[in-house]
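Q: Under the UniProt record's numbering, think of the first position of the sequence shown as 1, with each following residue one higher.
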Amino acid sequence: MGSVLPAVISLSILVNGKRPIRCRCSRLETHQGIFYSENSHEKQQPILHFSKAEEIFRNCCLPSEQGSLLCSILVVSGFVKEKLCGGERHRFFNFAGPGRGLFIETESDLPHGSGLGSSSILAGALLSSLYKLVGYPQLTEDQLIRQVLRIEQLHTSGGGWQDQLGGCIVGGAKIGWIEPLGSRKCFWRSVQLGGELINQFSKRLVLLYTGKTRLAKTLLRQVLLSWARQEPQILSTVEGLANGAWKAEKMLKEGN
1 MGSVLPAVIS LSILVNGKRP IRCRCSRLET HQGIFYSENS HEKQQPILHF SKAEEIFRNC
61 CLPSEQGSLL CSILVVSGFV KEKLCGGERH RFFNFAGPGR GLFIETESDL PHGSGLGSSS
121 ILAGALLSSL YKLVGYPQLT EDQLIRQVLR IEQLHTSGGG WQDQLGGCIV GGAKIGWIEP
181 LGSRKCFWRS VQLGGELINQ FSKRLVLLYT GKTRLAKTLL RQVLLSWARQ EPQILSTVEG
241 LANGAWKAEK MLKEGN
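This is how it looks when you write it as structure tokens:
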């Protein structure tokens, strides 16, 4: 890619005047285990009950199963753990404080697989909510980006850092990039929109759903294979996208 830093520009928006992804976590005094209520794109799913930690470990890497993303979050965050005792795996719930269980609710106004990064944003929202519920120190922005990346790797859904950067950190426009050497940490900064851009976006931006599902895991497999082969088309495409991100940042600042 020459001297161009890999970069992505993102814009977090409200959908119909509200945040399209929401979650709530609460303790249960009398019921044991984890209960999960999912309302996705105006479709209420049956409430799931995970009574054993083993169920969560079994579900966490099956992205086609309902509640699997939540299971990945619970494993990565340490709310369920496993230890070796006498050569056998012992899996158990690990959330301190009052109550015997958790009730977790999520709502999404976006269709599954819409290509808008909703799973990454939902993972970040749930992670922050769970940490707050049990009194853990809140994650820094960098920690949140890396934890969501770990969740998606365990979930086997692919993905990277760009979606949680776009939707979990601060509002508005942001540009993120990776330095070529060192820890491969994600760097980012907010992009101040110049002129009347915010008003113009609000008047003209339309979110249209095609009805087609686009999963990162499916796309990523072919992209990574092409990158490993250093195919000219993928190299030029990635460089073009990075160039476009840096140019877009400049134009947004100028109000164009």
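All C-beta atoms, glycine included, are put in the ideal place defined by N, C-alpha and C.
In angstroms with no decimal places, state the Cα-to-Cα distance between residue 125 and residue 246.
A: Taking the sequence shown and counting its residues from 1, the one referred to as residue 125 is at position 125. Taking the sequence shown and counting its residues from 1, the one referred to as residue 246 is at position 246. Roughly 28 Å separates the two Cα atoms.
Q: Please classify residue 131: does DSSP put it in a helix, a strand, or coil?
A: The sequence position of residue 131 within the sequence shown is 131, counting from 1. Three-state DSSP puts residue 131 in a helix.
Q: DSSP puts residue 105 in a beta bridge; with which residues?
A: Start at 1 with the first residue of the sequence shown, and residue 105 comes out as number 105. Answer is 24 and 37, bridged to residue 105.
Q: Taking residue 17 as the reference, give the member of 207, 240, 231 and 249 with the closest Cα.
A: Stepping through the sequence shown from its first residue, residue 17 is reached at position 17. The option with the nearest alpha carbon to residue 17 is 207.
Q: What residue from 241, 90, 111 and 219 has the CA that sits closest to residue 38's CA?
A: Taking the sequence shown and counting its residues from 1, the one referred to as residue 38 is at position 38. Ranking 241, 90, 111 and 219 by Cα distance to residue 38 puts 111 first.
Q: Run the CB neighbour count on residue 213, radius 10 Å, all protein chains shown included, and call it buried at 16 or more, exposed below.
A: Here the question's residue 213 lines up with position 213 in the sequence shown. Looking at its Cβ environment, which holds fewer than 16 other Cβ atoms inside 10 Å, residue 213 is exposed.
Q: Quick check on DSSP: helix, strand or coil for residue 224?
A: Start at 1 with the first residue of the sequence shown, and residue 224 comes out as number 224. It is helical.
Q: Three or more C-beta pairs closer than 8 Å, one from the segment 127-142 and one from the segment 80-89: is that the case here?
A: Touching, no, given that fewer than three Cβ pairs across the two stretches are closer than 8 Å.
Q: Using CA atoms only, rank isn't needed, just tell me which of 59, 70, 60 and 53 is closest to residue 93.
A: Residue 93 sits at position 93 when you count from the first residue of the sequence shown. Of 59, 70, 60 and 53, the residue nearest in Cα terms is 53.
Q: Would residue 10 be called buried (16 or more neighbouring beta carbons within 10 Å of its own) or exposed?
A: The count along the sequence shown starts at 1 and reaches residue 10 at position 10. So residue 10 ends up on the buried side.
Q: Hey, which unbroken runs of the alpha helix (DSSP H) at 4 residues or more fall wholly within the segment 135-211?
A: Qualifying alpha helix (DSSP H) stretches, in chain order: 141-155, 162-168 and 197-204.
Q: Can you give me the C-alpha to C-alpha distance between residue 221 and residue 160, rounded to a whole angstrom?
A: What you label residue 221 is simply residue 221 of the sequence shown in a count that begins at 1. What you label residue 160 is simply residue 160 of the sequence shown in a count that begins at 1. Taking the straight line from one Cα to the other gives about 13 Å.
Q: Pairing CB atoms from the segment 65-76 with CB atoms from the segment 152-168, are three or more of them under 8 Å?
A: Result yes; three or more Cβ-Cβ pairs closer than 8 Å.
Q: Mind checking residue 250: buried by the 16 CB within 10 Å criterion, or exposed?
A: Position 250 of the sequence shown, counted from the start, is the residue given in the question as residue 250. Residue 250 comes out exposed.
Q: Okay, do the segment 191-201 and the segment 167-176 touch, 3+ Cβ pairs below 8 Å being the bar?
A: Output reads yes: the segment 167-176 touches the segment 191-201.
Q: The alpha helix (DSSP H) spanning residue 71 covers which residue range?
A: Position 71 of the sequence shown, counted from the start, is the residue given in the question as residue 71. Note, residue 71: alpha helix (DSSP H), 68-76.
Q: Buried or exposed: residue 152, going by 16 or more other Cβ atoms within 10 Å of its Cβ?
A: Within the sequence shown, residue 152 is the residue found at index 152, counting from 1. So residue 152 counts as buried.
Q: Between the alpha carbons of residue 210 and residue 91, how many angstroms are there, rounded?
A: Taking the first residue of the sequence shown as position 1, residue 210 is located at position 210. Taking the first residue of the sequence shown as position 1, residue 91 is located at position 91. So the alpha carbons of these two residues sit roughly 42 Å apart.
Q: Straight-line CA distance for residue 62 to residue 196?
A: As a first step, residue 62 must be located in the sequence shown, where it is residue number 62. As a first step, residue 196 must be located in the sequence shown, where it is residue number 196. Using only the alpha carbons, I get a separation of about 45 Å.
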